[in-house]
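K.L.:
I'd like to ask you about the structure that follows.
Residue numbers (the numbering used here), protein chains in the order written: chain A, -11 to 272; chain B, 252 to 542.
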């Protein structure tokens, strides 16, 4: 049902994100051309949570960098809010897989970075940063440096750093993959909660969440997009009808979840096998 | 009853044993520290003693090799009665002044150009080969040229210090700017940082640890530049002291000037280390970081 509202957007309100036949080709250091993404079509509706799964290294992250404006597509079009992406847009937030906190800044200063970069007065930026730190449960840690925090805490700071910018579009590149299993489940729940009340005017951000963990994808998303082995293109899209609000730990025990999991895995497993065989032939 | 008493006696014994073990460990650590210090002192005494004895018994030529006692006498004499070119303090100050001025100029130039070339690909592509050529030149041969250009005063020494300092700092700053974690840069750009802000608030802070490693080495280079400049031709400075001692076949004077230089260099190094610790509180494992 979420799927329906996303695809049949009313006239006048464009989908949050639209990729039309987007391709991205890189030149590798050895000079060869490497196509990371090929002929990709994908539409994400306003306030929709889309998870993208695919084999490792297939080009899922490249899709995000195209939407973010960090990279331009070699071919095709990328639209955000109906407009072609030219450079970085203020309404886009990006949570990286790796630690991308500034190690020489304190936690508070890290969260303030975005608003300050965008020219917000210091006092106001500090106030809003404190508010978000409180929401991620790190109010007591504002004077610490990132290296003094645990992996989960650093991820929370990264979430606060992103959410403080009030993003209409939230791009997440395997954000929790470096965390241990328990922290990961906890962070997923927190993410859903933050997402629910993320926008200042009450709406929800549109999310593209890249992961290689299918369980995580199903538990979080409205739709799961399965990518082919690289170069990445959309293989199949699965709507997830599980009711919200969801709790990650309990939702994965429901029979409906298990059924969807089996269905998507039969689609994804093939691509994973292709990637694996390619890797093996590389080694040989 | 007996069990209970055994327990009640046992606990304090275990505690005491624990305490005494900690004490033993602390004692062992103290002992080791003393041993290291003692061995160091012994090594110095043996070396200096051997030098003194060998020179006095004429196994080595005391005219060429001098001896520690004479070197010490020379330092005392310079300190109390001044050198031929004025007081010892003035010589030290001249050399330090030239080295410091050259160091600061060279560091500033190296950092600015290094970061600029690291950030602006066009500049790096255009200037790259020239910088490589200049770096390949053994820069100490420039010292006589600077003497011709800038005369006997401090300017020629500052210039030779600058060219020695510039390159290591430049290459480190360049490398530091190039090796900035690209996720940090991407994150800053996503958060709305302009190119200028990325340079000032991401590239420069992450390049500082690279730059600082070069600062340590390059202060030594600045001293070398100043001393060599003075040695070739000057009116004041420790390098001149070496040159004039050599000219009067006063080997004790050469060694004394060397000893003074070593102390000056060590003090400067200590100051730099102190500054570095203050600056890098955010770094993992750096002293003071966990406080």
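Just so you know, even glycine gets a beta-carbon here, dropped at the ideal spot from N, CA and C.
Between the Cα of residue 164 of chain A and those of A/197, A/185, A/99, spot the shortest distance and give me the residue it belongs to.
P.N.:
Minimum Cα distance to residue 164 of chain A is reached at A/197.
K.L.:
Just to make sure I have the definition right: I need the residues of chain A whose C-beta is within less than 9 Å of the C-beta of residue 362 of chain B. Which are they?
P.N.:
Against chain A, the beta carbon of residue 362 of chain B has no neighbour under 9 Å; the closest one sits roughly 17 Å away.
K.L.:
Checking 7 Å against the spacing of the C-beta atoms, do residue 59 of chain A and residue 11 of chain A come in under that value?
P.N.:
No.
K.L.:
Would you say residue 252 of chain A reaches chain B, if we count a Cβ-Cβ gap shorter than 7 Å as a contact?
P.N.:
no
K.L.:
Using DSSP with H/G/I as helix, E/B as strand and the rest coil, what is residue 64 of chain A?
P.N.:
strand
K.L.:
Closer than 6 Å to a non-hydrogen atom of the ligand PLP - does that hold for the CB of residue 506 of chain B?
P.N.:
No copy of the ligand PLP occurs in the structure displayed, which carries no ligand at all.
K.L.:
Using DSSP's beta-bridge definition, name the partner residues of residue 72 of chain A.
P.N.:
A/67
K.L.:
So with Cβ pairs under 7 Å, would you call residue 2 of chain A a contact of chain B?
P.N.:
Taking 7 Å as the threshold, the shortest C-beta distance from residue 2 of chain A to chain B does not fall below it.
K.L.:
Is the stretch 17 to 24 of chain A touching the stretch 84 to 95 of chain A in the sense that three or more CB pairs, one from each, lie closer than 8 Å?
P.N.:
no
K.L.:
Threshold first: 4 residues or longer. Then list the alpha helix (DSSP H) segments lying entirely within the stretch 166 to 190 of chain A, N to C.
P.N.:
169 to 184
K.L.:
Residues of the stretch 40 to 64 of chain A with a CB closer than 7 Å to any CB of chain E: list them in chain order, please.
P.N.:
In the structure shown, chain E cannot be found, because the protein chains are A and B.
K.L.:
So which residues of chain A does residue 307 of chain B contact, with C-beta pairs closer than 9 Å?
P.N.:
Those within 9 Å of residue 307 of chain B in chain A number zero; the least Cβ separation is about 57 Å.
K.L.:
Going by beta carbon distance, what residues of the same chain come within less than 6 Å of residue 205 of chain A, once the five residues before and after it are set aside?
P.N.:
39, 41, 199, 212
K.L.:
Once you ignore the five residues that flank residue 88 of chain A on each side, which residues in its own chain have a CB closer than 8 Å to its CB?
P.N.:
146
K.L.:
What three-state label does DSSP hand residue 124 of chain A in the structure shown?
P.N.:
The DSSP-derived three-state label of residue 124 of chain A is coil.
K.L.:
Return the first residue and the last residue of the alpha helix (DSSP H) that residue 43 of chain A is part of.
P.N.:
No alpha helix (DSSP H) holds residue 43 of chain A; DSSP gives it neither H nor E.
K.L.:
Using a cut-off of 9 Å between C-beta atoms, extract the partners of residue 453 of chain B located in chain A.
P.N.:
Within chain A, the residues near residue 453 of chain B are 90.
K.L.:
Counting C-beta neighbours from all protein chains within 10 Å, is the total for residue 446 of chain B 16 or more, i.e. buried, or is it exposed?
P.N.:
Classification for residue 446 of chain B: exposed.
K.L.:
Can you tell which of B/502, B/521, B/468, B/519 has its C-alpha closest to the C-alpha of residue 326 of chain B?
P.N.:
B/502
K.L.:
Examine chain B for any beta-carbon lying closer than 7 Å to the beta-carbon of residue 132 of chain A, and answer yes or no.
P.N.:
no
K.L.:
Name, going along the chain, the residues of the stretch 102 to 122 of chain A whose beta-carbon falls closer than 7 Å to a beta-carbon of chain B.
P.N.:
Listed by position along the chain: 102, 105, 106.
K.L.:
Could you spell out the range, first to last residue, of the beta strand (DSSP E) harbouring residue 14 of chain A?
P.N.:
5 to 15 is the extent of the beta strand (DSSP E) around residue 14 of chain A.
K.L.:
Which of the three DSSP states is assigned to residue 264 of chain A in this structure?
P.N.:
Looking at residue 264 of chain A - three-state DSSP - the assignment turns out to be helix.
K.L.:
Of the choices B/398, B/456, B/511, B/406, whose alpha-carbon is the least far from that of residue 435 of chain B?
P.N.:
B/456 is the residue among B/398, B/456, B/511, B/406 whose C-alpha sits nearest the C-alpha of residue 435 of chain B.
K.L.:
Looking only at its own chain, which residues have a Cβ that is under 6 Å from the Cβ of residue 305 of chain B, when we skip the five neighbours before and after it?
P.N.:
311
K.L.:
Please identify the residue among B/516, B/276, B/315 whose C-alpha is closest to the C-alpha of residue 499 of chain B.
P.N.:
B/315
K.L.:
Would you kindly work out how many angstroms separate the C-alpha atoms of residue 493 of chain B and residue 365 of chain B, rounded to a whole number?
P.N.:
35 Å
K.L.:
Just checking my contact of residue 157 of chain A with residue 202 of chain A at CB under 8 Å: how many whole Å lie between their CB atoms?
P.N.:
That belief does not hold up - the Cβ atoms of residue 157 of chain A and residue 202 of chain A are roughly 23 Å apart, past 8 Å.
K.L.:
Residue 533 of chain B CB to nearest chain A CB: under 7 Å?
P.N.:
Closer than 7 Å to some Cβ of chain A, the Cβ of residue 533 of chain B qualifies, so yes.
K.L.:
Could you pull the start and end residues of the beta strand (DSSP E) that residue 159 of chain A belongs to?
P.N.:
157 to 161
K.L.:
Pop quiz: residue 37 of chain A and residue 209 of chain A are said to be a contact at Cβ under 8 Å. What is the actual Cβ separation, rounded to whole angstroms?
P.N.:
Sure, about 5 Å apart at Cβ, within 8 Å.
K.L.:
Who are the neighbours of residue 86 of chain A on chain B, taking C-beta pairs under 7 Å?
P.N.:
434
K.L.:
Quick one: which chain A residues come within Cβ less than 9 Å of residue 380 of chain B?
P.N.:
Within 9 Å Cβ-Cβ: nothing; residue 380 of chain B doesn't reach chain A, min ~21 Å.
K.L.:
DSSP state of residue 499 of chain B, grouped into three classes?
P.N.:
coil
K.L.:
Rounding to the nearest angstrom, what Cα-Cα distance links residue 46 of chain A and residue 56 of chain A in this structure?
P.N.:
18 Å
K.L.:
Hey, is residue 447 of chain B's beta-carbon within less than 7 Å of any beta-carbon in chain A?
P.N.:
no
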